[in-house]
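Presented below is the structure to which this report refers.
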Amino acid sequence: MSDVSSSSDPTLDVVKKSWGDEESDDEVTSAPDAPEPSDGRDIVQSELKKIESLSISVDKGKDKEDDNDHSEGLLDNPEDSDIKAVTAGDTIYSAAEYFEDLNLTKDLIKGLYVEMRFQRPSKIQAISLPMILIPPYKDLVAQAHNGSGKTTCFVLGMLGRVDPKIKSPQAMCICPTRELAIQSQDVLIKMAKYTDITSFLAIPADSAYYVPIAKLPPVTDHVVIGTPGTIKKWTTARKLSTGEIKILVFDEADHMLSEDGFRDDSLRIIKEIQKNSGVRCQVLLFSATFNDNVKTFVSRVVNDANQIFVKKEDLKLEKVKQYKVYCPDEVAKIGVIKDKIFEFGQKVGQTIIFTHTRDSARTLHQTLTKDGYECTAVQGSLKQEDRDTIIKEFKNGVTKVLITTDLLARGFDQSQVNLVINFDLPVKHYFPSEPDYEVYLHRIGRAGRFGRKGAAFNLLCTDRDRAIMEKIERHFDLSVSEVVNWRSEEDFEKALQDAGLL
DNA sequence: CCCAGCG
Numbered sequence: 018m019s020d021v022s023s024s025s026d027p028t029l030d031v032v033k034k035s036w037g038d039e040e041s042d043d044e045v046t047s048a049p050d051a052p053e054p055s056d057g058r059d060i061v062q063s064e065l066k067k068i069e070s071l072s073i074s075v076d077k078g079k080d081k082e083d084d085n086d087h088s089e090g091l092l093d094n095p096e097d098s099d100i101k102a103v104t105a106g107d108t109i110y111s112a113a114e115y116f117e118d119l120n121l122t123k124d125l126i127k128g129l130y131v132e133m134r135f136q137r138p139s140k141i142q143a144i145s146l147p148m149i150l151i152p153p154y155k156d157l158v159a160q161a162h163n164g165s166g167k168t169t170c171f172v173l174g175m176l177g178r179v180d181p182k183i184k185s186p187q188a189m190c191i192c193p194t195r196e197l198a199i200q201s202q203d204v205l206i207k208m209a210k211y212t213d214i215t216s217f218l219a220i221p222a223d224s225a226y227y228v229p230i231a232k233l234p235p236v237t238d239h240v241v242i243g244t245p246g247t248i249k250k251w252t253t254a255r256k257l258s259t260g261e262i263k264i265l266v267f268d269e270a271d272h273m274l275s276e277d278g279f280r281d282d283s284l285r286i287i288k289e290i291q292k293n294s295g296v297r298c299q300v301l302l303f304s305a306t307f308n309d310n311v312k313t314f315v316s317r318v319v320n321d322a323n324q325i326f327v328k329k330e331d332l333k334l335e336k337v338k339q340y341k342v343y344c345p346d347e348v349a350k351i352g353v354i355k356d357k358i359f360e361f362g363q364k365v366g367q368t369i370i371f372t373h374t375r376d377s378a379r380t381l382h383q384t385l386t387k388d389g390y391e392c393t394a395v396q397g398s399l400k401q402e403d404r405d406t407i408i409k410e411f412k413n414g415v416t417k418v419l420i421t422t423d424l425l426a427r428g429f430d431q432s433q434v435n436l437v438i439n440f441d442l443p444v445k446h447y448f449p450s451e452p453d454y455e456v457y458l459h460r461i462g463r464a465g466r467f468g469r470k471g472a473a474f475n476l477l478c479t480d481r482d483r484a485i486m487e488k489i490e491r492h493f494d495l496s497v498s499e500v501v502n503w504r505s506e507e508d509f510e511k512a513l514q515d516a517g518l519l
C-alpha cells in the first residue's frame with residue numbers, strides 16, 4: 018500500500034470528515050440536516066465541501082527496511098498506523114522523500130544530518146513539511162502520535178520559513194508550559210546550529226533576577242518561543258513586534274484552544290498578530306489529541322486548513338504496555354511505589370509518577386524521601402528556578418524517579434523514561450467521575466518515546482477508580498492487563514517482562 | 001483540578 022488516504026480499512030477511505038464533524042466511528046447515524054443551533058456548525062459544513070481528498074505516496078515497506086537498520090536515527094518509523102491527510106483547496110502536495118525536496122537552505126539541512134542525526138523525513142515529517150513549507154502556506158491542523166516527532170516538524174517549519182536577513186520576529190511558537198517552551202527551543206537551537214537564525218525564549222524569569230521589561234531591549238530574534246502570558250506581556254510592552262510574523266505555531270494545540278485551557282489567551286494572540294501582520298499569517302496546530310469539542314472549535318480558528326489526523330484507536334500506544342493494580346487503600350498505593358516501583362523501576366530506566374494535585378505530589382515526595390527513597394518532585398507552585406533544576410537533573414539522569422502533576426503530562430520528552438505510574442487516574446475536573454482521556458493518553462506517552470518499549474501502571478483504589486479505568490479501556494478499545502496481587506514481586510516482574518523491559 | 005500569569 019502506497020497511499021495514505023486509501024487503505025484496506027474501509028473506514029479510512031472516506032475522507033469526508035471535517036474537524037467539526039461528529040465522531041462517526043461509534044455511531045451510524047449521520048449529523049442531521051435540520052437547522053443547527055448557530056454555533057458555527059453551518060460554516061464548518063460549508064467549508065467541508067471545499068475539502069478534497071489527497072493522495073500522498075508514502076512507501077511504507079521501503080521506509081521500514083531503510084530506516085530500521087540504522088541505529089542512529091531517532092525517528093525511525095515510530096508509527097506504523099495510517100495517517101490520514103486532507104487538503105483544503107487545490108494545491109497538490111507530495112510527501113517529502115528526502116529533506117532536499119523541501120527547498121531548505123544548505124545550512125539548515127546540514128543541521129538535520131549532523132546535529133539532529135536525521136537521515137530521511139519520518140512519516141509525519143514527510144507529510145506535514147510540504148504543507149507547511151510550500152506556498153500558499155495554508156494553515157495546518159496536525160495530529161500525530163506521541164513520540165513521533167511533532168516538535169521537529171514545527172521547528173523545522175518555522176526555521177524553513179524565516180528570512181535570517183530580516184532582524185525581527187517572523188515565527189512564533191506558543192506552548193502550555195515553561196518546560197515545553199524550553200524543550201522546543203533546545204531542539205531549535207540544535208537544528209539551527211549552522212544557520213544565522215536566532216531565537217527568543219519568552220517565559221517567566223527567575224524571580225531573583227526580575228528586570229522590568231521596560232528596561233530590556235526589544236526582541237530582534239527571528240523566532241519567538243514561549244508561554245502565553247509572557248508573550249502577551251512582551252507584546253503589550255511593545256518590546257515584541259508581531260508585524261512580521263508569518264508563521265504561528267500552537268504546541269499541544271487542543272489544550273491551548275480548549276475552554277479550560279488557554280483559549281482566551283490564544284485567541285487574543287492570534288487576533289493581535291492578524292491585526293498587525295502585513296502578510297497573512299500561517300497558523301499551525303499540533304497535538305496528539307483533538308477531542309470532538311475541541312475539533313469543532315479548532316475548525317473555526319484556522320482558515321481553510323490542511324489536516325492530518327489519525328483515528329483514536331490508532332493512538333493507544335501499543336508500545337507501552339498498560340497495567341492496572343488494585344490496591345486496598347492509599348497506604349497500599351504508597352507501598353507499591355516503595356517496594357515495586359523503586360525496586361524494578363531503577364533497573365529499567367527512569368520513572369514518572371503522576372498525581373492529581375500539586376499538594377499530593379508534594380506530600381508523596383515528602384513521604385518517600387523521609388523513608389529514604391530517592392526521588393524529586395516538580396509542580397507549578399515551585400519557584401521557576403527550582404523547576405528548572407529538577408527538570409535538568411532528571412534529563413541528565415541524575416534522578417531516576419520524578420513525581421509530578423499534569424504539568425508534565427504533555428510533550429515532555431525524555432527517552433530514558435520507560436515507566437509511567439498513574440498514582441491518581443486523570444479525571445475531568447468539572448466531572449470527577451469521568452476520565453480525562455486526552456490526559457491519559459498524553460501521560461502514557463511519556464514512556465515509549467520514538468518507538469521504544471515502555472510500561473504504565475495504573476494504581477486503583479476506590480470503586481470510582483475501577484469505573485474510570487473501565488471507561489478508559491472502553492474508550493480506547495483496550496484491554497488493560499491486571500497485576501493480580503499488589504504485594505507480589507513476581508507479578509510485577511512478570512508484567513515488566515511482558516512489556517519487554519526486563 | 002492542571003497549566004498560564006498578575007511586578
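At position 300 of the first sequence (counting the first as 1) the number is 317 in our numbering, and the numbers step up by one without a gap. Quick reminder that beta carbons are idealized off the backbone N, C-alpha and C, glycines included.
Since Thr-306 and Leu-458 should fall inside the 8 Å C-beta cutoff, what is the C-beta to C-beta distance between them, to a whole number of angstroms? About 6 Å; that satisfies the 8 Å criterion.
Cutoff 7 Å; reference Ala-198; Cβ partners in own chain excluding five residues on either side: Hits under 7 Å: Cys-192, Leu-218, Ile-220, Ile-242, Gly-243 and Thr-244.
State the beta-bridge partners of Leu-265 as determined by DSSP. Note: Leu-265 sits in a beta bridge opposite Met-189 and Val-300.
Using the C-alpha atoms, what's the distance from Asn-475 back to Ile-358? When rounded, the distance between both Cα atoms is 12 Å.
Just reading off the beta strand (DSSP E) that Lys-101 is part of, what are its end residues? Unbroken beta strand (DSSP E) run through Lys-101: 101-105.
Best match in Thr-406, Ala-516, Leu-284 and Thr-416 for proximity to Gly-468 [C-alpha to C-alpha]: When each option's Cα is compared against that of Gly-468, the closest is Ala-516.
Report the CB separation of Ser-372 from Leu-381 in whole angstroms; it is logged as a contact under 8 Å. In the sequence as presented, Ser is not what sits at residue 372; that position holds Thr. Under the criterion of beta carbons closer than 8 Å, Thr-372 and Leu-381 qualify as touching, at roughly 6 Å.
From the DSSP secondary-structure annotation, give me the bridge partner or partners of Pro-452. Paired residue(s): Val-444.
Are there 16 or more other CB atoms within 10 angstroms of the CB of Gly-260, so buried, or fewer, so exposed? Under the 10 Å beta carbon count, Gly-260 is surrounded by fewer than 16 other beta carbons and is classified as exposed.
Rounded straight-line distance, which links the Cα of Pro-152 to that of Ser-201: Distance between the alpha carbons of Ser-201 and Pro-152: 25 Å.
What residues in its chain sit with their C-beta under 7 Å from that of Ile-461, if we drop five residues either side in the sequence? If we look at Ile-461 and ignore the five residues flanking it on each side, its Cβ neighbours are Leu-334, Val-337, Gln-339, Val-437 and Ala-473.
So, helix, strand or coil for Gln-202, using DSSP? The answer is helix: DSSP assigns Gln-202 an H, G or I state.
Would you list the one or two residues that DSSP bridges to Gln-367? Val-434.
Which residues bound the alpha helix (DSSP H) around Asn-310? Looking at the DSSP string, the run of the alpha helix (DSSP H) that includes Asn-310 is 309-318.
Which residue from Glu-402, Lys-511 and Ile-408 puts its Cα closest to that of Ala-225? Ala-225 has its Cα closest to that of Glu-402, out of Glu-402, Lys-511 and Ile-408.
Residue(s) in a DSSP beta bridge with Gly-164: According to DSSP, Gly-164 bridges with nothing at all.
Give the secondary structure of Gly-174 by DSSP, where H, G and I count as helix, E and B as strand, and everything else as coil. The answer is helix: DSSP assigns Gly-174 an H, G or I state.
Length at least 3, wholly inside the stretch 473-506: the beta strand (DSSP E) runs in chain order: If one requires a minimum length of 3 residues, the beta strand (DSSP E) runs lying completely within the stretch 473-506 are 498-500, in chain order.
Tell me the DSSP bridge mates of Ala-219? Answer by DSSP bridge pairing, in chain order: Gly-243.
Quick one: using the 10 Å Cβ neighbour count with 16 as the cut-off for buried, is Val-434 buried or exposed? Val-434 sits buried, since 16 or more C-beta atoms from the chains shown fall within 10 Å of its C-beta.
Between the Cα of Thr-368 and the Cα atoms of Lys-127, Lys-140 and Leu-518, which residue gives the shortest distance? Closest by alpha carbon: Leu-518.
Within the continuous alpha helix (DSSP H) that includes Phe-411, where are the two ends? Phe-411 -> alpha helix (DSSP H) spans 401-412.
Looking at Ala-378: is its Cβ nearer than 7 Å to the Cβ of Asp-156? Here Ala-378 is not near Asp-156, since their CB atoms are 7 Å or more apart.
Excluding the 5 residues preceding and the 5 following Gly-295 in the sequence, name in chain order all residues of the same chain whose CB lies nearer than 8 Å to its CB. Gly-260 and Glu-261, listed in sequence order.
Cα-Cα separation, Asp-430 to Arg-463: Rounded to the nearest angstrom, the two C-alpha atoms are 7 Å apart.
Where Ala-112 falls: helix, strand or coil (DSSP): Of the three classes helix, strand and coil, the one that applies to Ala-112 here is coil, per DSSP.
The beta strand (DSSP E) enclosing Leu-421, as first and last residue numbers: First, the residue type needs correcting, since residue 421 is Thr and not Leu in the sequence shown. Looking at the DSSP string, the run of the beta strand (DSSP E) that includes Thr-421 is 418-421.
Which of helix, strand or coil does DSSP assign to Pro-517? Position check: residue 517 holds Gly in this sequence, whereas Pro was assumed. It is coil, neither helix nor strand.
Coil, strand or helix - Gln-396 by DSSP: In the structure shown, Gln-396 sits in coil (DSSP, three-state: anything other than H, G, I, E or B).
Tell me whether the beta-carbon of Pro-449 lies closer than 7 Å to the beta-carbon of Ile-489. It is not a contact, given that the beta carbons lie outside the stated cut-off.
Look up Asn-323 in the DSSP assignment and say whether it is helix, strand or coil. The answer is strand: DSSP assigns Asn-323 an E or B state.
If contacts are defined as beta-carbon pairs under 8 Å, then Lys-417 and Gln-383 qualify, I think. What distance do you get, rounded to the angstrom? Taking 8 Å as the upper bound for CB-CB distance, Lys-417 and Gln-383 are not in contact here, some 18 Å apart.
Nearest-angstrom Cα distance between Ile-264 and Ser-145? Inter-residue distance for Ile-264 and Ser-145 is about 14 Å (C-alpha atoms, whole angstroms).
Should Ala-512 go down as buried or exposed, given a rule of 16 or more other Cβ atoms within 10 Å for buried? By the 10 Å Cβ count, Ala-512 comes out buried.
Taking 7 Å as the cut-off, decide whether the C-beta atoms of Gly-174 and Ile-149 are in contact. Contact: yes.
Looking at Leu-129: is its Cβ nearer than 7 Å to the Cβ of Val-172? If you check the CB distance, Leu-129 and Val-172 do not come in under 7 Å.
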